[in-house]
Every structure is written in structure tokens, then in C-alpha cells.
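Participant: Structure incoming, see below.
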Amino acid sequence: MLPAGTAEPPSLPRPPAATADMQAGSAPGALGLPPAPGPPVGLPAQQPTNASPAGTAPQDVSAATCANNTQGVMDHDGSSISSISSESLNTVIYEYANNATPPSSEDDKFQLVVPSKRRRRASKMSLATPDNTVTATPPKHGLTVILKPVDSTKIITRFNPLALKDSLEAKMPDGVLQLRPNYRLNLLAIDTRNTAATEHLLKITSIGDIPVRTYEPRPENCARGVIRGVPQDISDSELHDNLRQRTPVRSARRLGTSGVVQIVFATDTRPDYVILGYTRYQVYDYSEKPTQCTRCQRFGHIAATCTRKLRCARCGGDHELAACKSAEKLCANCGKTHQADFPYCPTFLQVKGIYRYKSENKVDYKAAKAAVLSKKTLWEAKREQDSHKGAKSASV
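Residue 171 in UniProt numbering is what sits at position 171 of the sequence shown, and the numbering runs on without skipping anything.
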């Protein structure tokens with residue numbers, strides 16, 4: 001300790017004093033921390049600056065370098081979070097990496113921390129390392145991009161093919177191999193020649209005057225999951241770019257306008273949690289819902305591309321639901337006394353079982369349908385055989 005009235009030596013600058021926000025805490029959910037400190041006087045710039053002088057307590061470098069730009073960050077509780085400047089946040093993280101520890105040469109690695117309280121079995125996390133982390137290399141883009149209209153009533157499969165070719169060639173010369181329209185689901189599948197063209201297509205937001213979403217098709221060996229409560233002002237591209245910083249993610253897209261986001265992982269098992277910004281979201285199993293046409297009430301396509309006869313969802317008649325005057329309900333699919341969109345309709349449950357089999361066994365819809373129907377046929381045959389045996393024993 002210096003005697004009273006003695007000035008500080010000029011070669012040892014005094015560290016910044018703790019502000020009232022640091023001592024008593026700022027507003028709830030906000031972090032009011034100073035910027036990352038520079039190297040102390042007398043040390044080379046390339047040496048770490050988190051070393052403490054002899055006889056003094058080590059300083060918490062991580063707490064001292066999480067910048068003022070993180071204001072508004074809070075734990076996820078289902079509500080929206082305030083906006084964060086990703087550019088300034090990345091700058092602070094980079095400064096911390098340079099000042100605290102030398103940067104790693106393996107910049108292409110990801111690391112996902114598995115929480116110990118909810119750690120699943122070792123078979124569930126096949127990539128788990130002894131230190132309870134999951135590491136993976138960044139997933140590479142494929143050579144196919146799917147384009148889907150934001151408004152399902154807008155048809156994107158009827159564009160002039162020559163005009164569409166000229167538009168794609170102007171943006172990606174020699175980047176597109178072919179375009180495959182799916183008239184049943186109102187989708188465009190674009191096959192590319194290289195990953196650079198794929199990355200460019202994934203940034204497209206509209207075709208002509210039709211807003212579209214872009215994503216890569218899910219490989220059969222990739223796991224899927226959903227997170228909930230994601231703020232609606234975060235775009236799909238922002239979700240994808242931020243999630244893949246810590247997790248091997250192939251795609252991330254919002255389901256409609258809700259707060260639910262579907263994530264396709266680059267591994268065959270899904271993690272328990274993902275990190276978006278600094279907020280941790282629990283990952284839930286994804287259950288694919290069968291697509292039902294609101295025109296003919298059948299499954300597997302949408303009304304915008306339907307060419308079948310109009311069927312009422314209430315009585316099965318050839319008129320719109322709004323014009324139905326029938327007091328009785330009649331399903332257009334199974335013929336029973338309920339509406340066609342009844343969640344316990346036998347036809348709907350059968351189609352739902354096909355989708356479940358498809359997801360669990362990683363096969364296409366045709367193979368899943370054949371397997372489910374064959375199981376149903378065997379079950380019905382066994383039930384009929386048992387009923388005959390019961391009737392025969394009763395007659396004796």
C-alpha cells in the first residue's frame with residue numbers, strides 16, 4: 001500500500017473502477033460489463049493478459065470481457081428477447097479469444113455441451129466424449145435446394161421455364177444443373193453444380209413477386225427436432241447461421257408464423273439442447289403431420305394443386321364447407337359419422353402411422369405405406385381367424 005498523498009506510478013495505470021451497475025447489478029436480464037481490457041504495460045501484445053500479479057487474486061477474465069453489447073440477454077422462459085448486435089458481439093468474443101487464450105487452429109470444429117442433469121444414455125449420444133461434450137465438423141452443403149412459397153396458395157411451379165432459366169443464369173452462371181417441379185406439393189427442387197451455387201440459392205427470398213422459403217432436403221440418416229418460443233423477428237437464415245456456430249446443423253426453418261422452429265441436424269441423433277445467441281433451448285422430438293387437402297379432403301397434397309372433385313369436409317357433398325346445410329356429418333374418407341378433419345378418423349390415423357414408420361425407420365413413403373398396410377392385413381387376418389375359432393368353439 002502506498003503512503004497517503006503518494007501518486008500512482010505512471011507506468012502502472014489504475015484499472016477502471018467498478019460502476020454502480022457492476023456492484024449492485026443493472027436492470028433484470030441485462031449485462032452492463034466493460035469492454036475487454038488490453039495487455040498490461042510491460043508485457044508483449046501476444047502474451048495472455050489474464051495472468052494475475054503475485055499475491056493477488058486472479059481476475060475473472062470471462063466476466064470482464066463479455067461486452068456492453070450483450071444488453072438485453074436473459075434466460076429463455078418462452079418470452080421474446082431483445083435484439084442483440086451480432087457484429088459487435090462477435091467482435092468482443094474475438095477480442096477475448098486473443099487476450100485470454102491463444103486461438104485454436106481447428107476453427108472448423110463445433111462443440112456442444114451436454115448437460116449433466118439431463119444427460120441421456122450413452123447409446124443416445126453416440127458422439128459423446130469423456131468430457132461430456134459433442135464435437136463434429138461443420139456440415140457441408142449438398143447440391144439440391146428446395147423452394148417453397150410462404151403463401152401456400154401461390155403457385156411457383158407454373159413459371160415460364162425459359163424466363164426462370166435466364167433469371168438463374170444471371171445470378172449463378174453455370175451454377176444450376178436442372179430444376180424439378182413438384183406439382184403435388186407446390187415445390188421447386190433445384191439441383192446445382194457446386195456448393196457455391198447452393199449457398200447462393202439458400203439466400204433467395206422470392207421468385208418474381210412470390211416470397212419463398214429455401215432449405216436443403218433432409219438426408220435419411222439425419223435427426224430432426226423442434227425448439228419452441230423462438231422470437232418471430234428472427235429470420236430462417238439468421239437461425240441457421242447462429243445455430244451452426246455451436247451445433248452441427250443442416251437447416252433450420254420456422255413452421256409457419258409460430259415460434260416453433262424445425263432443425264435438421266448433421267448427425268443421426270438429436271442433442272438435448274441447442275444454443276441460440278446465449279440462450280439455451282430444449283430440443284423436442286419432431287412428429288411430421290400428414291398434409292390434408294382442404295378441397296377433396298384426401299391426404300398427401302394441398303388444395304392449391306388439387307385437381308380432384310370438390311368434397312365438403314362436413315358431409316362429403318360436392319360443395320364448400322361454408323355452404324353446407326346438412327345436419328349430419330359424413331367423412332369423405334372413411335364414411336363414418338364425423339368430419340373429414342376429425343383427429344381420430346381411422347384413415348387419418350392410418351396415414352399418421354405411415355408417417356411415423358417412415359420417420360422411425362428412415363424409409364420413403366412408399367416403403368412405409370407397404371409395411372404398415374402389410375402389418376394391418378396380417379392383424380386383420382389374425383383377428384378374423386380368432387373370431388372364427390371363437391364362433392366354432394361356441395357352436396360345439
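Note that CB positions come from ideal geometry on N, CA and C, so glycine has one too.
Tell me which same chain residues have a C-beta within less than 7 Å of the C-beta of residue 251, skipping the five on either side of it?
Facilitator: For residue 251, where only same-chain residues beyond five positions count, the Cβ hits under 7 Å are 215, 216, 240, 264.
Participant: So the candidates are 332, 170, 242; which of them puts its Cα closest to the Cα of residue 295?
Facilitator: Cα-wise, what sits closest to residue 295 is 332.
Participant: Only counting the same chain, and skipping five residues up and downstream in sequence, which positions put a Cβ closer than 7 Å to that of residue 299?
Facilitator: Closer than 7 Å at Cβ, skipping near neighbours: 290, 291, 292, 351.
Participant: Measure the CB-CB distance between residue 266 and residue 249 and report whether it falls below 8 Å.
Facilitator: In this structure, residue 249 lies closer than 8 Å to residue 266 by Cβ.
Participant: Who are the Cβ neighbours of residue 87 in its own chain at under 6 Å, not counting the five residues just before and after it?
Facilitator: At residue 87 the pLDDT is 47, less than 50, meaning the model places this residue with poor confidence and gives no usable figure here.
Participant: By a C-beta neighbour count over all protein chains shown, 10 Å radius and 16 as the cutoff for buried, is residue 186 buried or exposed?
Facilitator: So residue 186 counts as buried.
Participant: Is the number of C-beta pairs between the region 140 to 153 and the region 198 to 217 that are closer than 8 Å three or more?
Facilitator: Because the criterion of three Cβ pairs below 8 Å is met, the region 140 to 153 and the region 198 to 217 touch.
Participant: From the DSSP secondary-structure annotation, give me the bridge partner or partners of residue 344.
Facilitator: Its beta-bridge partners do not exist; DSSP assigns none.
Participant: Just the Cα atoms here: how many angstroms apart are residue 347 and residue 321?
Facilitator: One C-alpha to the other measures close to 20 Å.
Participant: From the DSSP output, which residues share a beta bridge with residue 182?
Facilitator: Beta-bridge pairing links residue 182 to 187.
Participant: Figure out for me which residue from 255, 326, 317 has the closest Cα to the Cα of residue 152.
Facilitator: If we check each option's Cα against that of residue 152, 255 comes out closest.
Participant: Return the chain-ordered list of same chain residues with a C-beta closer than 6 Å to the C-beta of residue 306, the five sequence neighbours on each side being excluded.
Facilitator: Hits under 6 Å: 293, 295, 296.
Participant: Buried or exposed: where does residue 180 fall if 16 or more other Cβ atoms within 10 Å of its Cβ makes it buried?
Facilitator: When all chains shown are included, residue 180 counts as exposed.
Participant: Compare the C-alpha of residue 315 against each of 301, 339, 237 and name the closest.
Facilitator: Cα-wise, what sits closest to residue 315 is 339.
Participant: Can you name the start and end residues of the beta strand (DSSP E) that residue 149 belongs to?
Facilitator: Looking at the DSSP string, the run of the beta strand (DSSP E) that includes residue 149 is 144 to 149.
Participant: Check whether the Cβ atoms of residue 226 and residue 274 lie closer than 8 Å to each other.
Facilitator: Contact: no.
Participant: Quick one: what's residue 400 bridged to in DSSP?
Facilitator: No answer is possible for residue 400: it lies beyond the span of the chain, which begins at 1 and ends at 396.
Participant: Is the beta carbon of residue 201 less than 8 Å from the beta carbon of residue 190?
Facilitator: Cβ distance < 8 Å, so residue 201 and residue 190 count as in contact.
Participant: Looking at the unbroken alpha helix (DSSP H) that takes in residue 231, where does it start and where does it end?
Facilitator: Looking at the DSSP string, residue 231 is not in any alpha helix (DSSP H), and its letter there is neither H nor E.
Participant: Less than 7 Å between C-beta atoms, sequence neighbours within five positions excluded: which residues of the same chain meet that for residue 156?
Facilitator: Taken in chain order, the residues that qualify are 147, 149, 186, 188, 207, 210, 212.
Participant: Are there 16 or more other CB atoms within 10 angstroms of the CB of residue 358, so buried, or fewer, so exposed?
Facilitator: It counts as buried.
Participant: Kindly indicate the opening and closing residues of the alpha helix (DSSP H) around residue 201.
Facilitator: Counting along the chain, the alpha helix (DSSP H) containing residue 201 begins and ends at 195 to 201.
Participant: Measuring straight from C-alpha to C-alpha, what distance separates residue 373 and residue 246?
Facilitator: Cα-Cα distance, rounded: 42 Å.
Participant: Let me know the secondary structure DSSP gives residue 305 once reduced to three states.
Facilitator: Helix at residue 305.
Participant: Identify, in the order they occur along the chain, each residue of the same chain with its Cβ nearer than 8 Å to the Cβ of residue 368, setting aside the five sequence neighbours on each side.
Facilitator: Taken in chain order, the residues that qualify are 354, 355, 357, 358, 361.
Participant: To the nearest angstrom, report how far apart residue 194 and residue 168 are at their CA atoms.
Facilitator: Taking the straight line from one Cα to the other gives about 14 Å.
Participant: Among the candidates 221, 366, 143, 184, whose CA atom is the shortest distance from the CA of residue 268?
Facilitator: Residue 268 has its Cα closest to that of 221, out of 221, 366, 143, 184.
Participant: I'd like the list of long-range same chain contacts for residue 330, defined as Cβ closer than 7 Å, with 5 residues on each side in sequence excluded.
Facilitator: Here the set comprises 315, 316, 337.
Participant: Determine the extent of the beta strand (DSSP E) in which residue 276 is found, giving its start and end residues.
Facilitator: 273 to 276 is the extent of the beta strand (DSSP E) around residue 276.
Participant: Output needed for residue 283: all residues of its chain with C-beta closer than 8 Å, excluding positions within five of it in sequence on either side, in chain order.
Facilitator: Around residue 283: 225, 226, 227, 263, 270, 271, 272, 273, 274.
Participant: Measure the CB-CB distance between residue 192 and residue 177 and report whether it falls below 8 Å.
Facilitator: Yes. Within cutoff.
Participant: On the DSSP bridge list, what partners appear for residue 282?
Facilitator: Answer is 273.
Participant: Quick check: the Cα distance between residue 143 and residue 229, rounded to an integer number of angstroms?
Facilitator: Whole-angstrom Cα-Cα distance: 32 Å.
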